[in-house]
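Here the sequence shown stands for residues 8 to 299, numbered as in the working numbering.
Glycine included, C-beta positions come from ideal geometry on N, C-alpha and C.
Notes follow the structure.
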Amino acid sequence: MTRPRAGPIGRVRVLSTGTVAIRPEQIGPTRKPVLWWLLTSTEWTAPKPVNVFVVEHREGLVLFDTGQDRASVTDPGYFPSGPAGLIYSRIAKPRMDTGDTLPARLAELGHDTGDVRRVVLSHLHHDHIGGLPHLGHAQIHAARAELDSLARPFPRARGLLPDRIDLPGLQWKPIDFAPIDDPGAAPFTTGLDLYGDGSILLLPTPGHTPGSTSMLVRRPGRRPLLMVGDLTFDAARLAAGIPTGTGDKRRSARTAANVAALRARLPGLTVLAAHDPDAAALLEQAEQPYRD
Ligand SMILES: [Zn+2]
8 MTRPRAGPIG RVRVLSTGTV AIRPEQIGPT RKPVLWWLLT STEWTAPKPV NVFVVEHREG
68 LVLFDTGQDR ASVTDPGYFP SGPAGLIYSR IAKPRMDTGD TLPARLAELG HDTGDVRRVV
128 LSHLHHDHIG GLPHLGHAQI HAARAELDSL ARPFPRARGL LPDRIDLPGL QWKPIDFAPI
188 DDPGAAPFTT GLDLYGDGSI LLLPTPGHTP GSTSMLVRRP GRRPLLMVGD LTFDAARLAA
248 GIPTGTGDKR RSARTAANVA ALRARLPGLT VLAAHDPDAA ALLEQAEQPY RD
């Protein structure tokens with residue numbers, strides 16, 4: 008018999024909406040400028056997961072990211088054409104079968120898409136927003152800075168597809184990070200406590216994109232979790248201080264230093280990245296009882 012767990016968080020699980028292969032240069036480190044490796048790279052990585060984290064909170068289901076859209080592999084008009092389209096075809100090779108959609112994968116975990124109450128987006132790249140068409144009933148949280156970047160000129164050239172993000176009927180709740188008095192989250196001094204109970208804290212982790220956001224999940228008797236989106240492509244590389252090949256390098260380095268300092272304060276911290284092949288195993292380990 009399992010011991011009842013105190014606190015508002017139940018199980019935390021992960022699903023993957025198909026896979027994506029990317030350029031080794033994107034994982035980093037690389038000295039080549041982004042445009043250079045994007046246009047010249049001849050290699051793809053092994054297929055990586057496109058993770059969505061599913062958090063059972065007393066108030067309802069919370070998703071961190073929504074994965075990719077099957078239309079991205081079936082609809083030739085999903086990505087832009089022309090020079091911007093070239094970027095999409097060069098940067099990633101998505102794969103998705105019919106059973107890989109967000110609703111299908113949630114159903115495998117025993118959940119209906121209608122159970123989802125809140126969605127937190129790490130950022131707005133297409134492989135993180137693909138489930139939005141199914142989530143019109145939920146509150147969608149994304150950092151104000153990320154939503155602002157969508158409104159700036161040439162979003163498609165910056166990896167953002169406005170007509171796939173700004174869908175009619177979605178309930179957007181921009182995240183405005185505000186000062187927090189939470190020693191357990193130091194060195195972060197701003198954040199957003201999603202339910203006001205300290206169990207789910209959103210933290211600003213800019214670098215990969217201007218409004219990249221991470222989600223710290225804390226529950227008694229188990230390891231704390233930090234979902235980081237694309238801050239890194241695997242937790243081990245982040246811990247070793249290896250930078251990725253995209254985004255704003257200086258901001259990413261500052262964010263990586265903040266995460267390292269958080270990890271030093273929370274030794275059990277499990278870092279879960281969106282495309283980390285080890286994320287599922289790391290999460291399974293983190294679901295075991297833990298005493299810090
Ligand atoms: Zn991604």
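By the three-class DSSP mapping on this structure, what secondary structure does residue i have?
{"i": "Q75", "result": "coil"}
{"i": "P54", "result": "coil"}
{"i": "S221", "result": "strand"}
{"i": "L128", "result": "coil"}
{"i": "D189", "result": "coil"}
{"i": "A281", "result": "coil"}
{"i": "L113", "result": "helix"}
{"i": "T216", "result": "coil"}
{"i": "P211", "result": "strand"}
{"i": "A158", "result": "helix"}
{"i": "P140", "result": "helix"}
{"i": "G121", "result": "helix"}
Just tell me which of the options has its CA closest to the CA of residue i.
{"i": "A243", "options": "R258, R230 and T277", "result": "T277"}
{"i": "G228", "options": "V19, Q295, M103 and G35", "result": "Q295"}
{"i": "V21", "options": "T220, L177, G117 and L210", "result": "G117"}
{"i": "D299", "options": "T239, R124, R226 and A246", "result": "R226"}
{"i": "P4", "options": "Q292, L142 and F240", "result": "The question about residue 4 has no answer, for the chain in this structure spans 8 to 299."}
{"i": "A247", "options": "D188, H135, G35 and S23", "result": "G35"}
How is the beta strand (DSSP E) around residue i delimited, first residue to last?
{"i": "I182", "result": "Q178 to I182"}
{"i": "A150", "result": "Q146 to A150"}
{"i": "T196", "result": "Taken as a continuous stretch (DSSP letters only), T196 belongs to no beta strand (DSSP E), as it is neither H nor E."}
{"i": "K256", "result": "Unbroken run through K256 is the alpha helix (DSSP H), K256 to R272; no beta strand (DSSP E)."}
Would you check if the distance between the CB atom of residue i and the CB atom of residue j is smaller than 8 Å?
{"i": "K6", "j": "H282", "result": "One cannot answer for residue 6 here, as it falls past the ends of the chain, which runs 8 to 299."}
{"i": "L113", "j": "L131", "result": "no"}
{"i": "A150", "j": "G218", "result": "yes"}
{"i": "L233", "j": "T220", "result": "no"}
{"i": "V41", "j": "T212", "result": "no"}
{"i": "F60", "j": "L70", "result": "yes"}
{"i": "G319", "j": "D82", "result": "Past the boundaries of the shown model lies residue 319; the chain is included only from 8 to 299, so the question cannot be answered."}
{"i": "A193", "j": "R258", "result": "no"}
Which one or two residues does DSSP pair with residue i in a beta bridge?
{"i": "R20", "result": "V61"}
{"i": "L232", "result": "V224 and T277"}
{"i": "T105", "result": "For T105, which the question treats as bridged, DSSP gives no partner whatsoever."}
Which two residues bound the contiguous alpha helix (DSSP H) that contains residue i?
{"i": "A13", "result": "Careful: A13 lies outside any alpha helix (DSSP H) and carries neither H nor E."}
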